[in-house]
Amino acid sequence: MIELENVAYSYGGGELLTDMTLSVAPGSFHFLTGPSGSGKTTFLKLCYGALQATGGHVRLFDRDVRGLSRDDVALLRRKIGVVHQDCQFLDHLPVTENLALPLTVSGQDPNASDANLKELLAWVGLTSRANALPPELSGGERQRAALARAVIMSPDVILADEPTGNIDWEMSQRLLTLLVELNRMGKTILVATHDLGLIRAAKAQVQTRVLRISNRRLQMAGADL
Amino acid sequence: MNVDLRATTRMLKFDERADRVVPPTGFTARLTLFSAFAMAFLAVFALALSLAAGRVADRWGNELAQSSTLRISAPAGEVATQTEAALQVLRTTPGIVDARALTLDEQRALLAPWLGADLPIDDLPLPQLIDITETDDGYDAAGLRLRLAAEAPAAVLDDHARWRRPLIDAAARLRLLGWAAILLIATATAAMVTLAANAALAANAQVIAVLRLVGATDTYIASAFVRRFALRALTGAAFGTLLGIVALFLVPSGNDTAGVLTDLSIQGFGWVWVVLIPPLSGLVAFLATRYAAGRVLEELA
């Protein structure tokens, strides 16, 4: 599904990530941890083709990203839902239209998926906020809206970058519950976080694999996690 | 090439939902609209100038190319004899259809614009003028001059070439300048739309990032911007063209013999060019925005 083989990434003359090898199996739940600035976001961006590795190979759904055009990468990205810490939205469009954005850009009629959209809003608890503009949402609501947008295309993989970074404990537990639900539905989940509490809470509910980025390399986390 | 054609077709296709993903942009919208408006207005005038110069060049060329003048400057007693001799030579010259001595009234009419209509022409030692009409192929001017020197030595042949050529050259140059002005206007429009599109794309870097995150292709993102700018340019140019036409009608018109300035109008096939100004402006904006979008998306990748 997502395979990294001896991947390295350099920027501005310095190597940020080196010799990273990973195979993300379908239906698995991975956590990626490490100190701030260790390269978790960069790693995730490599995993959904937003960045090109400067060394090694990244394969998404058995296709080497290096040989693909930007438009081809964009088409592959539709199979991957991404949730960012800063939850990027189009601020001039209401929540429903932001949620339907992956459908819009892929040429599907969002109105045809109206029932699905309402269901999704109910699932993340945002039915009453359907017509609000993104700047009117709280941090937790934005995270849930971002998760709803990430899954609207029913992607095979969901990547989340510090999804609980800006929200309180209760809200992060609610978000985790949604991620666990998705994993139980067969989705592959990869979450980058430095929130060890979140990882422990997840381990109590579902089988997870925890990776750590340390000294620019990818390692399996210790038994303490 | 096929892929490019497909992408271009997709970009031109109206898609309300796709157009909504780009937020309304203030000054770049107004800049594009105003640039296209002003440039189309100027293009109408440049086109009218070029077409008028072309008409004048053609008219002068046609009117003067097939006619010549023979002037008999002889002492009063010999004018009639020399005129008759010259006419005899002209009538037997291949390439000449007709040769006719101008009457006194016709000569008075020719001088009237300079010396007044009540000129006592009988008292003036005016040369006799003979109007020559040529065939399409014309005559051998050098041979005719030799024959005239022998038969009517007071006759001077003026085949108009001396002053016809610079006039036609000037009109042709003016026509060329008109087209050059149109080309410059198109280039300036492209430059301004490119600048406006660059500014709009740079201001929407965050929007582009979100669209990429959710799987939008570069073609899709570019389309949303390209369509918007092409439509604005088309609208601005349509209004500019309309105002240009109204302004043209306000320019005082002259008679058939008038020159470029009093004949600044669009006639016949020229209207096709005028009607083409708005769609061509839209096309220029489309290509300029497409180029700008390609560059900015490459930079943001």
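Same order as they appear, the protein sequences are chains W and Z.
The first sequence begins at 291 in our numbering and counts up one residue at a time.
The second sequence begins at 34 in our numbering and counts up one residue at a time.
We put the beta carbon where it would ideally sit given N, CA and C, even for glycine.
Note that the structure is a prediction, hence the values are computed from the model and not measured.
CA-to-CA distance, residue j to residue i, given in whole angstroms
| i | j | result |
| --- | --- | --- |
| Asp164 of chain Z | Ala85 of chain Z | 28 Å |
| Arg245 of chain Z | Leu333 of chain Z | 10 Å |
| Leu123 of chain Z | Ile129 of chain Z | 7 Å |
| Ser286 of chain Z | Leu181 of chain Z | 43 Å |
| Thr61 of chain Z | Ala73 of chain Z | 18 Å |
| Ala405 of chain W | Gln398 of chain W | 14 Å |
| Ala340 of chain Z | Arg88 of chain Z | Nothing about residue 340 of chain Z can be read from this structure; chain Z reaches only from 34 to 334. |
| Thr268 of chain Z | Ala219 of chain Z | 16 Å |
| Leu306 of chain W | Gln495 of chain W | 33 Å |
| Lys493 of chain W | Thr252 of chain Z | 42 Å |
| Gly346 of chain W | Phe333 of chain W | 13 Å |
| Ala142 of chain Z | Ala150 of chain Z | 7 Å |
| Val36 of chain Z | Thr250 of chain Z | A caution first: Val36 of chain Z carries a pLDDT of 49, below 50, which makes its placement in the model unreliable, though a value can still be read off. Val36 of chain Z and Thr250 of chain Z: Cα-Cα distance of roughly 13 Å. |
| Ala340 of chain W | Gly371 of chain W | 13 Å |
| Ala298 of chain W | Leu365 of chain W | 24 Å |
| Ser359 of chain W | Met443 of chain W | 22 Å |
| Trp93 of chain Z | Leu283 of chain Z | 26 Å |
| Arg328 of chain Z | Ala511 of chain W | 43 Å |
| Gly327 of chain W | Ala343 of chain W | 18 Å |
| Arg208 of chain Z | Arg439 of chain W | 60 Å |
| Glu409 of chain W | Glu295 of chain W | 39 Å |
| Ala326 of chain Z | Ala255 of chain Z | 6 Å |
| Gly248 of chain Z | Glu387 of chain W | 15 Å |
| Ala271 of chain Z | Val305 of chain Z | 14 Å |
| Ile241 of chain Z | Arg368 of chain W | 16 Å |
| Arg265 of chain Z | Leu330 of chain Z | 21 Å |
| Pro199 of chain Z | Gln140 of chain Z | 25 Å |
| Arg261 of chain Z | Ala280 of chain Z | 29 Å |
| Leu144 of chain Z | Ala205 of chain Z | 29 Å |
| Ala183 of chain Z | Phe302 of chain Z | 51 Å |
| Val363 of chain W | Val243 of chain Z | 15 Å |
Spatial neighbours of residue i in its chain, beta-carbon cut-off 8 Å, leaving aside the 5 residues before and after
| i | result |
| --- | --- |
| Ile278 of chain Z | Val77, Ile299, Val307 |
| Ala491 of chain W | Gln463, Leu466 |
| Arg111 of chain Z | The question names Arg, but residue 111 of chain Z is Glu in the sequence shown. Once the five neighbours on either side are set aside, the close Cβ partners of Glu111 of chain Z are Ala187. |
| Leu137 of chain Z | Ile154, Asp155 |
Close beta carbons around residue i, own chain, < 7 Å, minus the five adjacent residues each side
| i | result |
| --- | --- |
| Glu167 of chain Z | Gln99, Ser100, Ser101, Gly128, Ile129, Val130 |
| Met34 of chain Z | Confidence at Met34 of chain Z is low in this model, with a pLDDT of 41, below 50, so the placement of that residue should be treated as unreliable; the coordinate-derived value is given next. Result list for Met34 of chain Z: empty, nothing under 7 Å. |
| Ala134 of chain Z | Thr116, Leu120, Gln161, Ile163 |
| Thr126 of chain Z | Tyr172, Leu177 |
| Leu190 of chain Z | Ser101, Leu103, Ala174, Leu177, Arg178, Leu181 |
| Gly476 of chain W | Gly317 |
| Ala238 of chain Z | Leu333 |
| Ala132 of chain Z | Leu120, Leu123, Arg124, Ile163, Ile165 |
Neighbourhood of residue i by C-beta, 6 Å cutoff - its chain only, sequence neighbours within 5 removed
| i | result |
| --- | --- |
| Arg323 of chain Z | Val259 |
| Ala187 of chain Z | Ile105, Ser106, Ala107, Gln115 |
| His374 of chain W | Asp451 |
| Leu322 of chain W | Lys330, Ala482, Leu501 |
| Glu293 of chain W | Ser313, Arg349 |
| Phe70 of chain Z | Gly269, Phe272, Gly273 |
Any non-hydrogen atom of the ligand ADP closer than 7 Å to residue i Cβ
| i | result |
| --- | --- |
| Ala230 of chain Z | As for the ligand ADP, it is missing from this structure, which has no ligand bound. |
* Is there contact here, the segment 297-304 of chain Z with the segment 219-239 of chain Z, by at least three beta-carbon pairs under 8 Å? -> no
* Asked: For the 8 Å Cβ check, are there 3 or more pairs between the segment 231-238 of chain Z and the segment 57-67 of chain Z?
  -> yes
* Under 8 Å (Cβ pairs) to chain W, residues found in the segment 47-80 of chain Z -> Arg50, Ala51, Arg53, Val54, Pro56, Pro57
* Asked: So does the segment 214-221 of chain Z actually touch the segment 148-167 of chain Z, counting three or more Cβ pairs closer than 8 Å?
  -> Contact between the segment 214-221 of chain Z and the segment 148-167 of chain Z is absent, because fewer than three Cβ pairs lie under 8 Å.
* Contacting positions in the segment 233-258 of chain Z - beta carbon closer than 8 Å to chain W -> So the close ones are Gln239, Val240, Ala242, Val243, Leu244, Arg245, Leu246, Val247, Gly248, Ala249, Thr250, Asp251, Thr252, Tyr253.
* Would you call the segment 302-317 of chain Z and the segment 75-89 of chain Z in contact, with 3 or more CB pairs under 8 Å? -> yes
* Asked: What alpha helix (DSSP H) runs, 4 residues minimum, are completely inside the segment 95-183 of chain Z?
  -> 112-124, 137-148
* Asked: For the segment 351-368 of chain W against the segment 422-438 of chain W, are there 3 or more C-beta pairs whose distance is under 8 Å?
  -> Judged by Cβ distances under 8 Å, the segment 351-368 of chain W makes no contact with the segment 422-438 of chain W, as fewer than three pairs qualify.
* **Residues within the segment 435-456 of chain W neighbouring chain Z, beta-carbon criterion of under 8 Å** => Arg439, Met443
* Asked: Taking only runs of the beta strand (DSSP E) that begin and end inside the segment 193-272 of chain Z, which ones reach a length of at least 3 residues, in chain order?
  -> none
* Asked: Using Cβ-Cβ distances below 9 Å, what residues of the segment 373-385 of chain W are close to chain Z?
  -> So the list reads His374, Gln378, Phe379, Leu380, Asp381, His382, Leu383, given in the order they occur along the chain.
* Between the segment 419-430 of chain W and the segment 375-395 of chain W, do at least 3 Cβ pairs fall closer than 8 Å? -> yes
* Is there contact between the segment 386-396 of chain W and the segment 451-470 of chain W, where contact requires at least three CB pairs shorter than 8 Å? -> no
* Could you name the residues of the segment 355-368 of chain W whose beta carbon sits closer than 8 Å to any beta carbon of chain Z, in the order they occur along the chain? => Arg360, Asp361, Ala364, Leu365, Arg367, Arg368
* **Given 8 Å, three or more beta-carbon pairs between the segment 435-454 of chain W and the segment 472-489 of chain W** => yes
* To do: Mind the definition here: the segment 308-323 of chain W touches the segment 493-509 of chain W only if three or more C-beta pairs lie below 8 Å; say whether that holds.
  => Yes: the two stretches touch, three or more of their Cβ pairs being nearer than 8 Å.
* **Sequence ranges, alpha helix (DSSP H) only - wholly within the segment 458-488 of chain W, length at least 4** => Counting whole runs of 4 or more residues, the segment 458-488 of chain W contains the alpha helix (DSSP H) stretches 459-474.
* To do: Give the residues from the segment 394-418 of chain W that approach chain Z closer than 9 Å (Cβ to any Cβ), ordered along the chain.
  => Contacts with chain Z (Cβ-Cβ distance below 9 Å) from the segment 394-418 of chain W involve Thr394, Val395, Ser396, Gly397, Asp399, Pro400, listed in chain order.
* Asked: Can you list the beta strand (DSSP E) stretches of 3 or more residues lying completely in the segment 338-390 of chain W, in chain order?
  -> As far as the segment 338-390 of chain W is concerned, its whole beta strand (DSSP E) runs of at least 3 residues are 345-350, 370-373.
* Within 7 Å of chain W by C-beta, residues of the segment 202-216 of chain Z in sequence order -> none
* Check distances from the C-beta atoms of the segment 419-430 of chain W to those of chain Z and list, in chain order, the residues that come in under 8 Å. => none
* To do: Could you list the residues in the segment 267-289 of chain Z with a C-beta less than 9 Å from some C-beta on chain W, going in chain order?
  => none
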